[in-house]
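FYI, in this note's numbering the residues of the sequence shown are 2 to 460.
For each residue, glycine too, the CB sits at the ideal point set by N, CA and C.
These numbers come from a predicted model, not from an experiment.
Everything below concerns the one structure shown next.
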Amino acid sequence: MARLVIVSNRVALPSEKAGRAGGLAVALREALQRRGGLWFGWSGETVSGTPGEPELLQSGKITYATIDLNAEDYHHFYIGFANGVLWPLFHYRVGLSEFRRPAFEGYLRVNEIFARRLAPLLQPEDLVWVHDYHFVPLASELRRLGVTNRIGFFLHIPFPAPEVLLTLPVHQRLVRDLCAYDLVGFQTEDDVRALQRYIVDEAGGTLTGDGGAACFGASTRIGAFGIGIDTESFARLAEKAVQRPETTRLTDSLAGRELVIGVDRLDYSKGITQRLEAFRELLSRWPEHRSRVTFMQIAPVSRGEIAQYRALRREIEGLAGRINGKFSEFDWTPVRYLNKSFSRSVLAGFFRVSRVALVTPVRDGMNLVAKEYVAAQDPKDPGALVLSRFAGAARELKDALIVNPYDVDAVAAALHAGLVMPREERVQRWRRMMEVLERNTVGVWRERFLGALEQAAPG
Ligand code: ADQ
Numbered sequence: 002m003a004r005l006v007i008v009s010n011r012v013a014l015p016s017e018k019a020g021r022a023g024g025l026a027v028a029l030r031e032a033l034q035r036r037g038g039l040w041f042g043w044s045g046e047t048v049s050g051t052p053g054e055p056e057l058l059q060s061g062k063i064t065y066a067t068i069d070l071n072a073e074d075y076h077h078f079y080i081g082f083a084n085g086v087l088w089p090l091f092h093y094r095v096g097l098s099e100f101r102r103p104a105f106e107g108y109l110r111v112n113e114i115f116a117r118r119l120a121p122l123l124q125p126e127d128l129v130w131v132h133d134y135h136f137v138p139l140a141s142e143l144r145r146l147g148v149t150n151r152i153g154f155f156l157h158i159p160f161p162a163p164e165v166l167l168t169l170p171v172h173q174r175l176v177r178d179l180c181a182y183d184l185v186g187f188q189t190e191d192d193v194r195a196l197q198r199y200i201v202d203e204a205g206g207t208l209t210g211d212g213g214a215a216c217f218g219a220s221t222r223i224g225a226f227g228i229g230i231d232t233e234s235f236a237r238l239a240e241k242a243v244q245r246p247e248t249t250r251l252t253d254s255l256a257g258r259e260l261v262i263g264v265d266r267l268d269y270s271k272g273i274t275q276r277l278e279a280f281r282e283l284l285s286r287w288p289e290h291r292s293r294v295t296f297m298q299i300a301p302v303s304r305g306e307i308a309q310y311r312a313l314r315r316e317i318e319g320l321a322g323r324i325n326g327k328f329s330e331f332d333w334t335p336v337r338y339l340n341k342s343f344s345r346s347v348l349a350g351f352f353r354v355s356r357v358a359l360v361t362p363v364r365d366g367m368n369l370v371a372k373e374y375v376a377a378q379d380p381k382d383p384g385a386l387v388l389s390r391f392a393g394a395a396r397e398l399k400d401a402l403i404v405n406p407y408d409v410d411a412v413a414a415a416l417h418a419g420l421v422m423p424r425e426e427r428v429q430r431w432r433r434m435m436e437v438l439e440r441n442t443v444g445v446w447r448e449r450f451l452g453a454l455e456q457a458a459p460g
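Below, the structure is given as structure tokens:
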């Protein structure tokens, strides 16, 4: 079996607390441990001058290699281009995407540095698996340095339709760089079609059937590999978490009321504002839920260095405050809004005791919270999932209450339906969703991607 090399912006070092490492990190680590391998990424440190050699750390059969980055490069790369341009654009928020040449040049420079530092660590047969929108140009840079290994790319976020992608001044360069990979993996078939459409209509490339594509003088394969979770272990975690003191404290604090839960990074792609509006609409239209339902939105601050995220935070704070001001009683606060993150097992317990989960992103590659919520339920008395049609997860979890997150009235109605849904229907819907999650776990996802990469023609 070929050695595996993973490249991602952040590396889950072995020192990371066991309860904090997500299912994805655990699944990648398992593959590295089995095959032997290297996990390469940013150290989390910036320096003022030129950064030095990668820092290496050996743990079992895994080498972790992390590099520092120059502070200015990192700013252009991470804040300026990856999260200031690609993230909003790929989530269809064209108006939030602020393209500037220096940021793009910083993005290319960091990719070039990554390639130069990684190339000497590669062995001829290694399979290289690059993760996410931070590293679209990495394969091109590696090829320039003479690397002929098989290189695969997985995009965790959506890939936009050509009409949206064309607003990016450097769209052609970006797609050319994608085509330098031997395999490009997306979350859904929609994403696959979006790239295929660009290749044919914009780049004059050809599709060779069976997922093959020829574009910009290179040939690549494109496929959908929807990411999963470790369903069984999350279900076990949730079952045990019922006993946790945090879960007991939460249920005690509800005093018999139903709990509706939302869990997201504080990000404009997650539709938190519209979701709060839907909850306000529920209380207005169905007053019987007043004093009987509590909505808990957990949203740790993320990318707080970016102005748009700070503005979003203020907007959500205002909205949550206004709803509480309007509807609170002396013994009931409708919205609990927490800028905190919790360990996986605490979250699992919170999911299990929630009657409804509101997972209503305005656009999301997959959304693992939706899957974790389902896996965490009590099979005999499961909760209902309200899920945005714009999350990749909606392609798989067809038995959720699927909504358009922009339709506040419809989300409120779905929330009402979830709250009053008879147990029998909840059980039926849950079973069908759970079957999907048991089939497509994070382990299955990983092996499907690696299998396809092994089959792909190298170089
Ligand atoms: P994210 O945008 O971060 O991921 P998501 O898939 O929902 O979105 O969450 C990833 C993980 O973070 C989940 O395991 C979740 O439990 C955890 N998490 C989220 N909010 C949390 C909180 N408040 N406290 C503690 N943990 C929290 C990107 C893409 C997604 C895609 C994933 C994986 O944007 O579309 O599903 O990658 O490919």
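* Asked: Whole-angstrom Cβ separation of Gly206 and Ala195, contact assumed at under 8 Å?
  -> At roughly 14 Å, the Cβ-Cβ gap does not stay under 8 Å, so Gly206 and Ala195 are not in contact.
* **Opening and closing residue of the beta strand (DSSP E) in which Ser292 lies** => Element bounds for Ser292: n/a, residue is neither H nor E.
* Identify whether Val171 lies in helix, strand or coil by the three-state DSSP scheme. => coil
* To do: Pick helix, strand or coil for Asn71, following the three-state DSSP scheme.
  => strand
* Check whether the Cβ of Leu369 sits closer than 7 Å to any heavy atom of ligand 1, and report yes or no. => yes
* To do: For Met2, name the three-state secondary structure that DSSP assigns.
  => coil
* Asked: Which one or two residues does DSSP pair with Met297 in a beta bridge?
  -> Ile262, Arg337
* Asked: Just to confirm, does His157 get its C-beta within under 7 Å of one of the non-hydrogen atoms of ligand 3?
  -> Among the ligands modelled here, namely ligand 1, ligand 3 does not occur.
* Asked: So is the beta-carbon of Leu29 under 7 Å away from any non-hydrogen atom of ligand 1?
  -> no
* To do: List the endpoints of the continuous beta strand (DSSP E) containing Arg151.
  => 151 to 155
* Which runs of the alpha helix (DSSP H), 4 residues or longer, sit entirely within the stretch 168 to 212? -> 172 to 180, 190 to 198
* Between Arg390 and ligand 1, is the CB less than 7 Å from at least one heavy atom? -> no
* Spell out a yes or no on whether the stretch 214 to 229 and the stretch 239 to 249 are touching, meaning 3 or more CB-CB pairs, one atom from each, closer than 8 Å. => no
* Close-in-space but distant-in-sequence residues of the same chain around Leu57 (CB under 8 Å, 5 per side omitted) -> Thr64, Tyr65, Ala66
* Asked: Would the C-beta of Ser470 count as close to ligand 1, meaning under 7 Å from any of its heavy atoms?
  -> Because residue 470 is not part of the residues shown, which for the chain are 2 to 460, the question remains open.
* Cβ-heavy atom distance between Ile228 and ligand 1 below 7 Å? -> yes
* To do: Run the CB neighbour count on Gly199, radius 10 Å, all protein chains shown included, and call it buried at 16 or more, exposed below.
  => Reading off the sequence, residue 199 comes out as Tyr, not Gly. Classification of Tyr199: buried, given that the 10 Å Cβ count is 16 or more.
* To do: Could you tell me the boundaries of the beta strand (DSSP E) in which Ser16 lies?
  => No beta strand (DSSP E) contains Ser16, which DSSP labels as neither H nor E.
* What's the C-alpha gap between Phe160 and Val193? -> 8 Å
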